[in-house]
Every structure is written in C-alpha cells, then in structure tokens.
Amino acid sequence: MPDIFYPKTEQDVSDFIFDNYNKSNPIEIVGHASKKIGRLIQSSQTLSLSSMSGILEYFPEELYIKVLPGTSLSEIETTLKQKNQFFGFEPNDLGYLYDGKSNSGSIGGVVSCNLSGPGRFKNGALRDHVLGFKSVNGSGGKVKSGGTVVKNVTGYDLSKIISGAYGTLCAITEINLKVSPLPEFEETFLVNDIDYAQAIEIFRIALDSSLEISGACFFPAANASFLTLNDVKKDTSVLGLRIQGPKASVIERMQSLNKMFKDKATSMLDTYQTSIFWREIKNFEGYANSKEFVCKVSLPITNMVNFLKFFEKTNYKYFLDWGGNIAWCSLENQSDLDKMKIFCLKHGGHLTVLKANDNFRKSEEFLTNSDSNIKILSKKLKESFDPKGILNPNKMYAGI
Amino acid sequence: MPLKLPEADTTIIQDKKNIVQDLFKITKNIIHSDEEIKPYETDGLSVYRQKPIAVVLPETTEQVSKILKYCHNKKIKVVPRGAGTGLSGGSIPLADCILMGMGKFNKILETDFDNRCVVAQPCVANLAITQAVQHRDFYYAPDPSSQLACSIGGNVAENSGGVHSLKYGTTTNNLMGVEMVLMDGTVLKLGGKHLDSEGYDFLGLVTGSEGLLGVVTEVTVRILKKPESVRAVLIGFDSIEDSGNCVADIIAKGIVPAGMEIMDKPLIIATDNYAKAGYPRDVEALLIVELDGTTSEVDTLIDKVLDIAKMNKASYNRASNSDEERMRFWKGRKAAFTACGVLAPDYICMDGSIPRNKLADVLSYISKLSKKYKLDVANCFHAGDGNLHPLIMFDSNDPVEMKKAEDFGADILKYCVKVGGVLSGEHGIGVEKRELMCEMFNDNDIQQQLNIKNAFDSENLLNPGKVFPILHRCAEGGRMHIHKGKDKFPNLPRF
Ligand SMILES: Cc1cc2nc3c(=O)[nH]c(=O)nc-3n(C[C@H](O)[C@H](O)[C@H](O)COP(=O)(O)OP(=O)(O)OC[C@H]3O[C@@H](n4cnc5c(N)ncnc54)[C@H](O)[C@@H]3O)c2cc1C
C-alpha cells in the first residue's frame, strides 16, 4: 500500500509534490477516492485532498462559490439549495455506478472529470462553470488562473484545461464555481411507443422550437425499467422533455408540447416526479451495480441514428440524453466496445469509458484514441505542468 | 506613440526581398509596398502603429500551414489578424514579422440546422453568422458591439462577449470546434459537431488565447432558436449606487435577464445627443434590462423587475411595447463608442471585470481619477456580468495627455483587481495591458502560462510581445521550479 499524505494547506501540497518531484516519485492524487474512473495508476505515493475541505466564500448575489477541493459535492449542493441555487451543469453522482448508492465524492474529483448532467446542452458543461482555481503543478509550483467573475480574458483560460484533466496536470487546491438560480418550477412531458428514429425527430422538433427545453432523453423499451417512477411505463419506450422556469410559463409551454405532439401517446410528470426522473438519469441509477462496461457515446445528433442502427443487433443497453447528442451505454463485451469506439472516431465523435473492470483499467484506453497530433500536443501540455510526469501518470492515456 | 515590442531581428528585416519571394511561391496574395501595408499597421487600438515586413493573405488551410512552417524554419515571427477591430492591440504587427491577414477566409461553409451549428471560415463577420440562419429564426448568441465588422476567428482569439453574455455566455460557451494551425505547420481539429470532446480541453484553452497558440482556420459555433418574445425596460436612477443595487436584487431574486446594461450620466447625454434614443436626461444612471422567453414569462418578469426597481428608488421607468421601441432603447447604448468619438479626438475603452456589488465603489473611484487626471470619462457597464467599460477621452496629438490617459486607464484596472476583479472581461490583454499582468499574477503563474505557450510554439514566434509582460518580472510567488539555476525555457524572452 502506498503512503497516503493528507495536506492541510496549499503549502503542504507544494512541499509534498516538490519533494516527490526531486525524487521522481509518481503520485496518485485522490479526492474522496470514491471513483474508479480512468486508467489504473502505479504509484508509491498518494496525495489525498480530502483533508482540504470547506466552503471558503459563497456570495449568492455574485453567483459564485469558492471551495476547497476535498469538500463533498453533496455538502456544497445542500448549501446552494438553501439559497435556491444550484450548479447549472447538474453534476452526476457516480456513486451509483461504482458502489450502487449515492456517493458524489469531492468537488475536486468532480471538476477533474468534467462530466455534466441532463441540462448540459442548454446550460453548458462543467468546464463552462469553473471560473478560477488555485493549484500546485508537478514541480511543486503554485499556479492560479481565472477569478470569481464570469467575464475574464486575462491570460490563458486554464480553468478549462484543468476541467476533465483527471488530475494529470496539477493538484487543485481551491476552486471557484459559477452557481445559478434554481428554476422556480419544472415539469416533464413524456412520449411513449416510439422508436429511436422517431425520438431523434421529436428532439429535433422540440429543440428547434422556442420552448427552451432543458432536458431531452429517450429510453428504448428494452431499457425503460431503468426508470422507477410508477407513472413511467416500463413495457414501452419513453422519451422525456423537461421544461423549467416560472410556473405560468412552464404550463404554457407544456400546452404547446401537447399541441405539437397531439398524435403521439403522451403524458406528463409533475414537479416532484420530474426531479426524481432526471435525478435517476443524471446519476445513472439504473446502471447501479452493473458488472458491465458503462460508457458515454458522444456524436453529432445526425450521426446518432446511424450509430443506433449500426449496433441494432449488438447486445447492449442504452439511453439517449442531451437531445440525442449523447448515448449512455452499458455492455458486457469488450469487442463491442471497441467497435463502438471505432464507429465514433469515424463519425465525428468519441467514446469515453466511465466504468470498467481492473483488467481493462490496467491495459486499455479509457478515451478514444484521438489523432496523433493531438496526442503529441497532449504530451507537451502535460510536460508543461508536470515535467517529470509524476502526477497521476497514465491515468488519462497510456504515457500521459 | 512608441510601443515596446520584442527586439526586432534586423537580419530578417534585411532579408525582406527573399522572404517575400519565398512566400510568393506559396501564395500570390502578398502585400509589401509601404503604401499598401498602411491599413495593416494598427488595429482598434489605433494609437499604436507598426509596419510588418509584409502582409500575406492566404486562402486555404494548406497555405496557412505552409507559410507557418516556412516562418518556423526561418525563425520569422507571425502575427495573425482578423478584422482588426481588437481593442487591446493584439494584431498590431512587429517590425520583423509577417502579418497573416485572414481576410480571404470569408465564407460560411455550412449551416447545419439538424446539428444546430454553423461551420464558418474565421474571417466571416460575427453578424453574418446570424444573418445566415435567421430565415429559420436561429441566431448566434455572442453579440459584441462590433459584430458588423469583427471576425468570428477574432472572437475566438479574444473570447468576445456582448450584451447578451449574461444569459448566453461568451464565445467559449458557444464554440463547438475549430480547425487551427500551429506555428510549426501542424493542422489540428479540435471539437466538432458533437459536445464535450474528451482529453484535454484544448478548445477551451485556445479560446481567449489572443492568437498566441495557433492560427484558427475554421470555426464551428452552435446556433440557438430565437426566443418567442423579447422585451426591454429602461430604468433611471438618481444615483449609481441605486442602479447597482437594483442589478444585484434582480439577480438575487433568481432572474437571469438576457442582458443588463448601465450607463452613467455623461454617457446618457452623449449617446442621447448622438443617437436620439429618447433617454431621460435628468437621471444619474440608466439601466437597460432585456428579458426573453415565452410571452407570458417575459411579461411576468418585466413586472417583477419593475417592482424591484421601485424598491431601489428608480425615478424613471419605461417598458418596451414593440420591437421598434426595444431597438430604440438599445440604439443609444450600441452607439456608446461612436458617441464618445464625437466628444473628443480620441478615447480609450477600458475593460475591467468586477464583482457586481463593487460597481458603485469602482465608479466613484473612476470619477475621482477623472478629476485627478483632468480627463473626461463616460461609463458603460455590462452590469449583469460585472464588465465595466470606462471610455477615457483625450487627444493623442498631445503626448502629455496621451500618457495621462494611459495612466488613468491603468489606475482603473489596478483598482478593479484590488476589489476582486480582473484586467479584462472581453477585450483581451494584447499589448495594452501586458505590463499590468503582474497585478493579478505572480511569477509562477506567468511561468506556467509561458510553459504552455512553449508547448504550442517552442520558438515563441506566433504573436510574441502580447499578453505577457516584457518589461519586468512579476513578484516571486513562492516556489518556482528553476532547473539547475536556469529558467526551463531560456529561449522564451521573459519579462
Ligand atoms: C467599436 C467597437 C466595439 C467593440 N465591442 C466589443 C464588445 O462588445 N465585446 C467584445 O468582446 N469586443 C468588442 N470589441 C473588440 C473586438 O471587436 C473583438 O475583440 C473582436 O473579437 C476582434 O475581432 P477581429 O476580427 O477584429 O480581430 P483582430 O483585431 O484582427 O485580432 C484580435 C486578436 O485575435 C487574433 N486573431 C484574429 N484572427 C485570428 C485567427 N484566425 N487565428 C488566430 N488568431 C487570430 C489576433 O492576432 C489578435 O490577437 C469592440 C471593438 C470595437 C472597435
């Protein structure tokens, strides 16, 4: 077992990394160590940021919150809720995937994965909500970027590059995130008995309207049991469109949807059910305890139909989210996974593995092998932060 | 006005004839006579001027790649240029550089409604994207005031915003992909028509990098459906404080308007004189709030906003009842820069971003400075997102006044940083604010940014002398890794 170091301050992190930099020791950086995401790391040292926890500043009217990296996401979300606010990127709780129960982990870990929930296509991704941060790079240097304001073109926007970097560039020691007002009211419009091609067409019509849809998902009949609400049918396909905002406006827009799709089998979920429905989706609750690979397939919407058609005979489960921009899939067979990766590469998208067994994590790539020029640049970028490659080595790609 | 730029390599300048000949083999579009080069000497920060060796106007990505590769091999500096409307001097040439004008990349390549995006060449004007999709009621959200002229590639380089950034974000939040060419000629495709590329977010890094990391040759942006209803309200206040408090209260009530703009008295008068917008002239501050959404939503929110205004002692209010009326409300605000241009021979537009609750504090500090420097200033403010645009008026023919205007601007920005803000909200650092970077960053922070620059452009040939201080070092920020007593990248001219 590697030694685990629990820093209290940014200076502790700096001293620890500097020391290991001098010794060329690889370090695994962890938050709450709750997620088996990314490739397996061989390291002699572990840096646990769980001991740096707490909310440093929260100004609801300024729409930002400043937190230490080890703060639990659930603590932050509870605090925001008290002021009727939330994170617009609707962070996923990956605890269901890995442990079969809620465990959303630390904010540092959340930022490092750049995953976003159902509203992503309207409200932006996690990376759009990171305003600034402090960190320690791979030679122990303290590096900060950004600030607490939303508009900022002062030097390179490093908040973007650390989001989704899986801790391979620096250890984040403080994060400023944008927060948004919670919608006053929400409802979900359901359509049943349609196939995936019809679903994509409904997405197109609904999202081409001015109705400001903020969630758009589709479950084929074979996967409808993913959703547990009694009012959601389990023996047929189901498509959900979420509408949020002032109550009168939500009701008005739901009526518009009714008119738009009057020839379809439709129903609706009230505010209470809506929050459960989208929570289950956001947290992949239906894939809890799955022994299979779980992955994210991201494609241009127009290629998603081709994807679903191409893999019609394949043994896998899926549901569509983000208005058809994305499919969250679960499958047993690695060779199918590889085929899907290749399909995505050829069709202007990518596949990211969210969950896999340790064998896979040891030897295979989690991300789609992107083109060689980007690989070269990724390596150079990594070196620019971490010249000896000691921070989470190989976690993102083999060799990076 | 002399401007300190990295030392020019005279051997390169002397080699002009050969360089032009070599480049001519790649593209015939080369401008190198003094007369023809003149329009390229400066950009929107027109107080500074500098001629490059030559201007090349490539037409294809392949030509861009070949030119960059050639310059890389010969160690010739290159400055990319879009429409030249930048306000921080980002596309101002160096004496020993090739200016790469992207003007011939002016076509929209694809309007893809099914994937809700537009693929365009980088020198398509921002507004042209909306014009290409508006027949189906779509639009491109970021709307800088310069949108008629500025290029989408320039927008990527500066991460430009506009009056609607509060709700719809700036360029970075609306950009899906770019094709770009690195200084060594490598062509990269980042992102595309899907969401959230995996791996390092190079797309996010390149946005707002001011043309230092690569030359953008193609852009994919997302387009949005026009809202069903858009209305605006004009609200007048007897004090700037009240207007600032009103903005804070609107946000605190959970309302996210499409835009919120404040103008101070000098600007109200100037814009009203110029654009005849019909603004009330007896108020100290004028707030424009625009709301969009469904008709009932907008009507409800307008009432809420007017209530909040009343609680904040508004002395004037008027809600638009037609699109013509709404456009009239904006007419003055959109003419803010031109209106100031009429008041004085020159103006510089500052661009600090501050926490919203510091608005009144910063504005009163600016008016103190105005008295100190004896220069007039007018203020407009993207109040919703804390982005301040003081317009300092002066005469650039008077070197003393010019220096005073620069110092005045620097004092404002330093104060913005002091109250928790940043040096630039949307115009970028360029040459203008380069030396102020140390107000926000220490040596470590800057070194990390230089290391990244080095990863993209190891010889520091692409747009050098911009963004990072060249006259002095910033303060030491604790531990910096200096390898064997030397900087890691000695070839990067630092500070
Ligand atoms: C009257 C006026 C109003 C303005 N209002 C706003 C506003 O509301 N909001 C706002 O954000 N800005 C505003 N601006 C500033 C300016 O219009 C923007 O910064 C704009 O994005 C610059 O685009 P450009 O094509 O003119 O770029 P340029 O001025 O040509 O270049 C700007 C920078 O981008 C780089 N660059 C340009 N093209 C490329 C490319 N293809 N690849 C790589 N690098 C490139 C250049 O090297 C330079 O560093 C305003 C300017 C004026 C004059």
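Chains A and B are the protein sequences, given in the same order.
Take the position in the first sequence, starting the count at 1, then add 21; the result is the number in this note's numbering.
Take the position in the second sequence, starting the count at 1, then add 1013; the result is the number in this note's numbering.
Even glycine gets a Cβ: it sits at the ideal position worked out from N, Cα and C.
Note that this is a predicted model, so its numbers are computed, not measured.
Fill in: Any non-hydrogen atom of ligand 1 within 7 Å of M1450 of chain B CB
With a threshold of 7 Å, the Cβ atom of M1450 of chain B does not count as near ligand 1, since no heavy atom of the ligand is closer than that.
Fill in: Residues, ordered as in the chain, of the stretch 1199-1210 of chain B that lie near chain A by beta-carbon distance below 8 Å
Of all residues in the stretch 1199-1210 of chain B, T1199, V1200, L1201, K1202, L1203, G1205, K1206, H1207, L1208, D1209 and S1210 have a Cβ within less than 8 Å of some Cβ in chain A.
Discussion item. Against chain B, does G261 of chain A count as a neighbour if the rule is that its beta carbon must be under 8 Å from one of theirs?
Written reply: Judged by the 8 Å Cβ criterion, G261 of chain A is not in contact with chain B.
Worksheet item: Between R1129 of chain B and R1235 of chain B, which are expected to be in contact by the criterion C-beta below 8 Å, what is the C-beta distance as a whole number of angstroms?
Response: In this structure, R1129 of chain B and R1235 of chain B form a Cβ contact; the two beta carbons are roughly 6 Å apart against a cut-off of 8 Å.
Worksheet item: Under a Cβ-count criterion, where at least 16 other Cβ atoms within 10 Å of its own Cβ denotes burial, should E1020 of chain B be classed as buried or exposed?
Response: When all chains shown are included, E1020 of chain B counts as exposed.
Practice prompt. Would you mind sorting H1177 of chain B into buried or exposed? The rule is 16 or more other CB atoms within 10 Å of its CB.
Written response: Around the beta carbon of H1177 of chain B, 16 or more other beta carbons sit within 10 angstroms, so the residue counts as buried.
Discussion item. Taking 7 Å as the cut-off, is the C-beta of S1059 of chain B nearer than that to any heavy atom in ligand 1?
Written reply: The beta carbon of S1059 of chain B sits no closer than 7 Å to any heavy atom of ligand 1.
Worksheet entry | Neighbour flag for I382 of chain A against chain B, beta carbons, 8 Å | It is Arg, not Ile, that sits at residue 382 of chain A in the sequence shown. No - not a single Cβ of chain B is within 8 Å of the one on R382 of chain A.
Worksheet item: Comparing alpha-carbon positions, which option in A:V171, A:F108, A:F247 and A:C316 lies nearest N1400 of chain B?
Response: Out of A:V171, A:F108, A:F247 and A:C316, A:V171 has the C-alpha closest to the C-alpha of N1400 of chain B.
Worksheet item: Do L1475 of chain B and L1225 of chain B have their C-beta atoms closer together than 8 Å?
Response: Contact: yes.
Worksheet item: Quick one: Cα of G1175 of chain B to Cα of V174 of chain A, how far?
Response: Their Cα atoms are separated by approximately 13 Å.
Worksheet entry | Proximal chain A residues relative to R1294 of chain B, where beta-carbon distance stays under 7 Å | What R1294 of chain B touches in chain A: nothing, since even the nearest Cβ is about 30 Å away.
Fill in: G1354 of chain B at chain A interface by Cβ criterion, 8 Å
The beta-carbon of G1354 of chain B is placed no less than 8 Å from the nearest beta-carbon of chain A.
Discussion item. Rounding to the nearest angstrom, what Cα-Cα distance links K383 of chain A and D120 of chain A in this structure?
Written reply: Going by the C-alpha atoms only, they are around 20 Å apart.
Fill in: Burial state of L1505 of chain B (16 or more Cβ within 10 Å)
Bear in mind that the predicted position of L1505 of chain B carries a pLDDT of just 43, short of 50, making it unreliable; the figure below should be weighed with that in mind. Within a 10 Å sphere around the beta-carbon of L1505 of chain B sit 16 or more other beta-carbons, which makes this residue buried.
Discussion item. Below 8 Å, how does it come out for the stretch 1148-1163 of chain B and the stretch 107-125 of chain A: are there three or more Cβ pairs, yes or no?
Written reply: Because the criterion of three Cβ pairs below 8 Å is not met, the stretch 1148-1163 of chain B and the stretch 107-125 of chain A do not touch.
Discussion item. Tell me the residue span of the alpha helix (DSSP H) that contains W299 of chain A.
Written reply: T292 to K303 is the span of the alpha helix (DSSP H), which, as asked, contains W299 of chain A.
Fill in: Three-state secondary structure (DSSP) of N1400 of chain B
Residue state, collapsed to three classes: strand.
Practice prompt. Examine chain B for any beta-carbon lying closer than 8 Å to the beta-carbon of N413 of chain A, and answer yes or no.
Written response: Closer than 8 Å: no.
Worksheet item: Is T1098 of chain B close to chain A, meaning its C-beta is less than 8 Å from at least one C-beta of that chain?
Response: Chain A, which has no Cβ nearer than 8 Å to the Cβ of T1098 of chain B, makes this no.
Fill in: Close Cβ partners of F446 of chain A (< 7 Å) along its chain, the five nearest in sequence each way excluded
This structure gives no information on residue 446 of chain A, because the portion of chain A shown stretches from 22 to 421.
Fill in: Enclosing alpha helix (DSSP H) for G129 of chain A [first to last residue]
That run of the alpha helix (DSSP H) goes I128 to C134.
Worksheet item: Smallest Cα separation from K334 of chain A: which of A:K360, A:W349 and A:V164?
Response: Distances from the CA of K334 of chain A to each of A:K360, A:W349 and A:V164 were compared; the closest alpha carbon is that of A:K360.
Practice prompt. Report whether the distance from the Cβ of N1042 of chain B to the nearest heavy atom of ligand 1 is below 7 Å.
Written response: Checking every heavy atom of ligand 1 against the Cβ of N1042 of chain B, none is found closer than 7 Å.
Discussion item. Does the contact criterion of 3 or more C-beta pairs under 8 Å hold for the stretch 1280-1291 of chain B versus the stretch 1250-1270 of chain B?
Written reply: Flag = no, the stretch 1280-1291 of chain B and the stretch 1250-1270 of chain B do not touch.
Item to complete: Kindly indicate if chain A contains any beta-carbon less than 8 Å away from that of V1169 of chain B.
Response: Contacts with chain A at 8 Å (Cβ-Cβ) do not include V1169 of chain B.
Fill in: Residues bridged to N1392 of chain B (per DSSP)
DSSP, once it has assigned bridges, lists B:P1403 as partnering N1392 of chain B.
Worksheet item: So, are the CB atoms of L262 of chain A and A227 of chain A less than 8 Å apart?
Response: Between L262 of chain A and A227 of chain A, the CB-CB gap stays under 8 Å.
Worksheet item: So which residues of chain A does A1265 of chain B contact, with C-beta pairs closer than 7 Å?
Response: Correct list: P81 and E82.
Discussion item. Here's the rule: buried if 16 or more other CB atoms are within 10 angstroms of the residue's CB, otherwise exposed. What is K1416 of chain B?
Written reply: That one is exposed.
Discussion item. If the criterion is Cβ atoms closer than 8 Å, does the pair D1458 of chain B and S35 of chain A meet it?
Written reply: Not in contact: D1458 of chain B and S35 of chain A (Cβ atoms no closer than 8 Å).
Worksheet entry | Same chain, Cβ closer than 6 Å to K362 of chain A, neighbours up to 5 away in sequence not counted | Scanning its chain for C-beta atoms nearer than 6 Å, with the 5 sequence neighbours on each side dropped, one finds around K362 of chain A the residues L372 and T389, in chain order.
Worksheet item: What do you get for I417 of chain A, buried or exposed, if any count of 16 or more other CB atoms within 10 angstroms of its CB means buried?
Response: At residue 417 of chain A the sequence reads Met, which differs from the Ile that was named. The residue in question, M417 of chain A, is buried, as its Cβ has 16 or more Cβ neighbours within 10 Å.
Item to complete: Give the single residue among B:H1395, B:G1434 and B:Q1461 whose Cα lies nearest to the Cα of D407 of chain A.
Response: Considering only alpha carbons, the answer is B:Q1461.
Worksheet item: Span of the alpha helix (DSSP H) holding D342 of chain A?
Response: Per DSSP, D342 of chain A belongs to no alpha helix (DSSP H); it is in the beta strand (DSSP E), Y337 to D342.
Item to complete: Can you grab the Cα-Cα spacing for the pair V200 of chain A / Y1292 of chain B, in whole Å?
Response: Distance between the alpha carbons of V200 of chain A and Y1292 of chain B: 34 Å.
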